[in-house]
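Take 10 as the starting number for the sequence shown in the numbering used here and just add one per residue.
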Amino acid sequence: MADELKKKYPALKIELVKIQTKGDKILDAPLAKIGGKGLFTKELENQMLAGKIDLAVHSLKDVPTDLPAGFKIAAVTRRAQPFDAFVSNRFENFDELPAGAVIGTSSLRRAAQILNLRPDLEIKNLRGNVDTRLKKLDAGIFDAVILAAAGLERLGYGARIRQTLPEIIPSAGQGALALEIRGDDSKTFGAVNFLNDEKTCAAVKIERDFLKKIGGSCQIPVGIFAEADGEKITARAIIASPDGKNIVKDFASTSIENPDGFGENFAAKLLDGGGREILRGIGVEI
Numbered sequence: 010m011a012d013e014l015k016k017k018y019p020a021l022k023i024e025l026v027k028i029q030t031k032g033d034k035i036l037d038a039p040l041a042k043i044g045g046k047g048l049f050t051k052e053l054e055n056q057m058l059a060g061k062i063d064l065a066v067h068s069l070k071d072v073p074t075d076l077p078a079g080f081k082i083a084a085v086t087r088r089a090q091p092f093d094a095f096v097s098n099r100f101e102n103f104d105e106l107p108a109g110a111v112i113g114t115s116s117l118r119r120a121a122q123i124l125n126l127r128p129d130l131e132i133k134n135l136r137g138n139v140d141t142r143l144k145k146l147d148a149g150i151f152d153a154v155i156l157a158a159a160g161l162e163r164l165g166y167g168a169r170i171r172q173t174l175p176e177i178i179p180s181a182g183q184g185a186l187a188l189e190i191r192g193d194d195s196k197t198f199g200a201v202n203f204l205n206d207e208k209t210c211a212a213v214k215i216e217r218d219f220l221k222k223i224g225g226s227c228q229i230p231v232g233i234f235a236e237a238d239g240e241k242i243t244a245r246a247i248i249a250s251p252d253g254k255n256i257v258k259d260f261a262s263t264s265i266e267n268p269d270g271f272g273e274n275f276a277a278k279l280l281d282g283g284g285r286e287i288l289r290g291i292g293v294e295i
């Protein structure tokens, strides 16, 4: 991101500020039990309000569908690899895993879909940053871990990916970065908006509208992926029970020129097709 800004504005002075969020600090509990997506954004927003930073860069999948008052997304970058990655030191691919193999993930969405595909596997909670998760794999605690492919590639761990898993529907916004600013900061908005990718923006709008309609968070096993191809956007989505035994899955398409309302309508279709009953079974009323 900084390189792109320097290329556009050679005289611009950029300071990178690393901020550890609550989601980074609490490592002994699943995200679903400690609050979900806002855990990765609030500290950065507080720093913006205090005037200590002008811009926050988030993985879009970690950004709540409703931003706090006074903030907005200035740009959504062109999407990188959107799917999850299979990482293992012992097995070449997901299908090679033997019955009883231990898989590490902190995501209810991933766990539910893995168990739907392979109910003979064991899921164990895996928290921490990418370095920490890979160290736990290397220590032999897990037979494999499932991580976002884009995160691995951005951090230089692309070679650790044994297989990408398009059959596991990703989280809304996965693979894209969101640039968040204060809502009244027109100067920063004007400076960074060139990074906005229109096709990605149209696709993730559908995903986030879908998620908002579902009431989705880290506490619900739901996945949604929309992809622009020519003049249309095709989306596929899943609502699942945590054990993967009950799922509702579907796909639909719309014109890239008119994505408004499509995400909400697609969500309503899955809810009416059995998703509402699945969510009710885990204590979520829609």
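Ideal Cβ positions, reconstructed from N, Cα and C, are used throughout, including at glycine.
Keep in mind the model is a prediction, meaning the values are calculated, not measured.
Here the C-alpha atom of Lys-27 lies approximately 15 Å from the C-alpha atom of Leu-188. Membership of Phe-275 in the alpha helix (DSSP H) is indicated by the continuous run 271-279. For a cut-off of 8 Å, the C-beta gap from Arg-119 to Asp-93 is around 6 Å, short enough to register as a contact.
Taking C-beta separations shorter than 6 Å and ignoring five residues to either side along the sequence, the partners of Ala-181 in its chain run Glu-216, Arg-217, Leu-220 and Ile-233, following chain order. Counting C-beta atoms within 10 angstroms of its own C-beta, Ala-249 has 16 or more neighbours from the protein chains shown and is therefore classed as buried. C-alpha of Asn-98 to C-alpha of Ile-155: approximately 13 Å in a straight line. The shortest C-alpha to C-alpha distance from Arg-245 to any of Ala-20, Ile-295 and Glu-236 is the one to Glu-236. Looking at the backbone, the Cα of Phe-271 and that of Val-213 are separated by about 12 Å.
Taken in chain order, the whole beta strand (DSSP E) runs of length 3 or more contained in the region 165-220 are 172-174 and 186-191. Counting only the Cα atoms, Phe-203 lies some 12 Å from Tyr-18. Nearest neighbour of Gln-172 by Cα position, chosen from Gln-228, Leu-106 and Gly-149, turns out to be Leu-106. The alpha helix (DSSP H) runs of length 4 or more contained entirely in the region 91-152 are, from start to end of the chain, 117-126 and 139-147. Excluding residues up to 5 positions away in sequence, Ile-28 and Ala-65 lie with their Cβ nearer than 6 Å to the Cβ of Leu-53 in the same chain.
Excluding sequence positions up to five before and after Ala-108, its CB lies within less than 6 Å of the CB of Asp-129, all in the same chain and listed in chain order. According to DSSP, residue pairing for Leu-156 in a beta bridge involves Ala-94.
The continuous beta strand (DSSP E) containing Lys-258 extends over residues 256-264. Per DSSP, Gly-232 lies in no alpha helix (DSSP H) segment; the continuous beta strand (DSSP E) that holds it begins and ends at 231-238. Between Asp-71 and Ala-20, the alpha-carbon positions lie close to 32 Å from each other. By the criterion of a C-beta distance shorter than 6 Å, Lys-81 is surrounded in its chain by Gly-192, once the five residues flanking it on both sides are discounted.
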